[in-house]
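Participant: Please read through the structure below; I'll follow up with questions.
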Amino acid sequence: MVQVKNGDLDKLGLLFERYNRRLFGFFYRLTSRRDLSEDLVQGVFERVLTYRHTYSGEGAFATWIFQIARNLHTDHYRKNSRGGEEDAYVDPDSLSGDLPPPDGDPDFIGTGPDLRLRHLKEALGRLDPLKRETLVLSRYRGFKYREIAEIMDCSESAVKVRIFRALGELRDIVAQLNHEEHP
Amino acid sequence: MIESKYIPLVLSWMRGDLKPAEKERLQRLLDEGELDLLDMKEIERTARELDRLPDAEPSGRMSDRFYAMLAEEKTRMQPSPADRLQHWIKALRSRLSPLRVGLAAGIFLLGLLAGYGTNPLLDSRGELQRLQDEVAQMRQVMMLSLIDNGSANERLKAVNISSELNRPEPRVREALIRTLNRDPNINVRIAAVDALLMHASDPGVRSALVASIGRQESPLVQAALADAMLVLQEEGAIEELRELLRQEEMDSTLRTKIQDTITKLS
């Protein structure tokens, strides 16, 4: 990134190759929309280009770029909330298609693993954005608590509490959805 | 609900990396009823299930958009020739003093005389030609190693290097034709069209460009090939272009462009 800052823009291609899938995965977990996630990844690299002069070189590049990603997602979320334009799009993949097979967990019998995972995905979408972002960074993007704290600009212990509370809420929402479908 | 002060301990238990002292503490808290094992197991199960949610993959369009943006930014950053000349004159003025210029000219003349005295001029020219050939050879090797690189940026570099070669070997031309027909990145393919245009005096390259029209699916590459056919005034491309027009889903702007190209070539 230091080389990009000094004008060697070809190196941004390397950074794109290294981070585009991680960023896409982050946005996809938050939005459940492929097209929007691709737009947001493009937005991240547009911001990296625009604000490359502000990169200080302190701390890991991954945390810097995910801070940008998080801010971009927050801006998008606020814009949508103000305009009242909630994403009505439902990704077909979120329904069942490519869901993995169960591990033989006996609790799945009778309810169906696809259904449970679908409820889990829906529950993830119902969490408040802050908890969802923290959980996604922790479970899917492989960040340590310390790195997440840096990205979210909070303490490490706050990150731990947020992740745990988010998991508890997920469990409760999944149970509620299950009850609604099988009263 | 589990109290916040116990959460780091429970998270360590979920990750399975409790130290012996922490294990004892957890056991004590469970015995005292401060923590509920059932509650903990349910949350741990939710975390495990989260890991099983399927991931999605981005489409190739995302990569194309990024590289188009990068190319645009690079073009925007390049200073105009007038700016460069102005900058060069400014830098020269600040560095040169009459004494320095005199000294440099003297050393240059001395070197020239000494060189001419020890080597006949004809030998120097031969040496220069040999060096130029070596540099060209190195460029070809670099181009051939970069053209198969996984990064579209590197492949784009390879195609640009090939444009600087005056007499490329057949394998360089073959690599460019292969790139034009098979590279997954549209920008690289378009660059390959421009690079091949420079070697179009070779009949093999011309016929490869014509044959490639029918193999392309991207409207941008098809438009670039149509432009190339106009530059080459290649009448042999008319049939391939007419074949393109038979595609029903063709973009109207591209259709007009292809029809225009056919009219100009006929």
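Protein chains in written order, with our numbering: chain A, 167 to 349; chain B, 35 to 300. Positions of the beta carbon are idealized from the N, C-alpha and C atoms, including for glycine.
(1) What is the DSSP secondary structure of residue 286 of chain B, reduced to helix, strand or coil?
(2) Grab the span of the alpha helix (DSSP H) containing residue 197 of chain A for me, first residue to last.
(3) If I measure Cβ to Cβ from residue 259 of chain A and keep anything under 6 Å in the same chain, skipping five residues before and after, which residues do I get?
(4) Going by the CB atoms, is the gap between residue 210 of chain B and residue 226 of chain B shorter than 8 Å?
(5) Between the C-alpha atoms of residue 216 of chain B and residue 287 of chain A, what's the straight-line distance to the nearest angstrom?
(6) Kindly indicate which residue of B:162, B:137, B:79, B:242 has the alpha-carbon position closest to the one of residue 212 of chain B.
(7) Once you ignore the five residues that flank residue 246 of chain B on each side, which residues in its own chain have a CB closer than 7 Å to its CB?
(8) Are the beta-carbon atoms of residue 60 of chain B and residue 43 of chain B separated by less than 8 Å?
(9) Any residues in the region 79–91 of chain B with a beta carbon nearer than 7 Å to a beta carbon of chain A? Which ones, in chain order?
(10) With 8 Å set as the bound, which would you pick, yes or no: does the beta-carbon of residue 308 of chain A sit closer than that to a beta-carbon of chain B?
(11) Evaluate contact between the region 290–310 of chain A and the region 322–329 of chain A, counting only Cβ atoms and requiring at least three cross-stretch pairs below 8 Å.
(12) Rounded to whole angstroms, how far is the Cβ of residue 193 of chain A from the Cβ of residue 214 of chain A, which I believe are closer than 8 Å?
(13) Whole angstroms are fine: how far does the CA of residue 181 of chain A sit from the CA of residue 96 of chain B?
(14) Measuring alpha carbon to alpha carbon, tell me which of B:82, B:201, B:192 ends up nearest residue 222 of chain B.
(15) By a C-beta neighbour count over all protein chains shown, 10 Å radius and 16 as the cutoff for buried, is residue 142 of chain B buried or exposed?
(16) If we count the other Cβ atoms within 10 Å of its Cβ and call it buried at 16 or more, is residue 111 of chain B buried or exposed?
(17) Buried or exposed for residue 316 of chain A, please, with buried defined as at least 16 other CB atoms from any protein chain shown within 10 angstroms of its CB.
(18) Could you confirm whether any beta carbon from chain B is found closer than 8 Å to the beta carbon of residue 305 of chain A?
(19) Counting only Cβ-Cβ distances shorter than 8 Å, please list the residues of the region 171–182 of chain A near chain D, keeping chain order.
(20) State the CB to CB distance for the pair residue 263 of chain B and residue 295 of chain B, rounded to an integer number of angstroms; the pair is presumed to be in contact (CB under 8 Å).
(21) To the nearest angstrom, report how far apart residue 216 of chain A and residue 171 of chain A are at their CA atoms.
(22) Quick check on the DSSP output: the alpha helix (DSSP H) that includes residue 351 of chain B runs from which residue to which?
(23) Who are the neighbours of residue 44 of chain B on chain A, taking C-beta pairs under 8 Å?
(24) Along the alpha helix (DSSP H) that carries residue 278 of chain B, what are the first and last residues, could you check?
(25) Tell me, please, whether the CB atom of residue 321 of chain A is closer than 8 Å to any CB atom in chain B?
(26) Would you say residue 183 of chain B faces chain A, with C-beta separation under 8 Å as the test?
(27) Is the CB of residue 93 of chain B under 8 Å away from at least one CB in chain A?
(28) Between which two residues does the alpha helix (DSSP H) harbouring residue 219 of chain B extend?
(29) Enumerate in chain order the residues of its own chain whose CB-to-CB distance from residue 121 of chain B is below 6 Å, with the five nearest sequence positions on each side excluded.
(30) Does the beta-carbon of residue 285 of chain A have 16 or more other beta-carbons within 10 angstroms, so that it is buried, or is it exposed?
(31) Label residue 150 of chain B either buried or exposed according to how many other C-beta atoms from any shown protein chain fall within 10 Å of its C-beta, with 16 as the threshold for buried.
(32) I think residue 196 of chain A touches residue 80 of chain B, with their Cβ atoms under 8 Å apart; what is that distance to the nearest whole Å?
(33) Distance cutoff 8 Å, beta carbons only. Does residue 202 of chain A sit that close to anything in chain B?
(34) Considering only the beta carbon of each residue, do residue 92 of chain B and residue 186 of chain A sit closer than 8 Å?
(35) Strictly below 9 Å CB to CB, what residues from chain A border residue 108 of chain B?
(36) Mind reading off the beta-carbon distance from residue 179 of chain A to residue 254 of chain B? Whole number of angstroms is fine, and I expect it under 8 Å.
Facilitator: Taking the coordinates as given:
(1) Three-state result, residue 286 of chain B: helix.
(2) 176–197
(3) A caution first: residue 259 of chain A carries a pLDDT of 46, below 50, which makes its placement in the model too unreliable to give a value.
(4) Taking 8 Å as the cut-off, the Cβ atoms of residue 226 of chain B and residue 210 of chain B count as close.
(5) A straight-line Cα-Cα distance of about 38 Å links residue 216 of chain B and residue 287 of chain A.
(6) Comparing Cα-Cα distances from residue 212 of chain B to each of B:162, B:137, B:79, B:242, the minimum goes to B:242.
(7) Correct list, in chain order: 214, 215, 259.
(8) yes
(9) The region 79–91 of chain B vs chain A, Cβ under 7 Å: 80, 81, 83, 84, 85, 86, 87, 88, 89, 90.
(10) no
(11) yes
(12) Rounded, the Cβ-Cβ distance is 15 Å, inconsistent with contact.
(13) Roughly 14 Å separates the two Cα atoms.
(14) Checking every option, the nearest Cα to that of residue 222 of chain B belongs to B:192.
(15) exposed
(16) exposed
(17) The residue is buried, with at least 16 neighbouring Cβ atoms inside 10 Å.
(18) Yes, because at least one Cβ of chain B sits closer than 8 Å to the Cβ of residue 305 of chain A.
(19) In the structure shown, chain D does not exist; the protein chains are A and B.
(20) 6 Å
(21) Looking at the two C-alpha atoms, the distance is approximately 10 Å.
(22) In this structure chain B extends from 35 to 300, so residue 351 of chain B is not present and cannot be described.
(23) 330
(24) 272–279
(25) no
(26) no
(27) yes
(28) Counting along the chain, residue 219 of chain B falls outside any alpha helix (DSSP H), and DSSP gives it neither H nor E.
(29) none
(30) Here residue 285 of chain A is buried: its Cβ has 16 or more other Cβ atoms, across all protein chains shown, within 10 Å.
(31) With fewer than 16 other Cβ atoms from the protein chains shown falling within 10 Å of its own Cβ, residue 150 of chain B counts as exposed.
(32) Their Cβ separation, rounded to whole angstroms, is 18 Å, which puts residue 196 of chain A and residue 80 of chain B out of contact at 8 Å.
(33) no
(34) yes
(35) 175, 176
(36) Residue 179 of chain A to residue 254 of chain B, Cβ: 19 Å. No contact.
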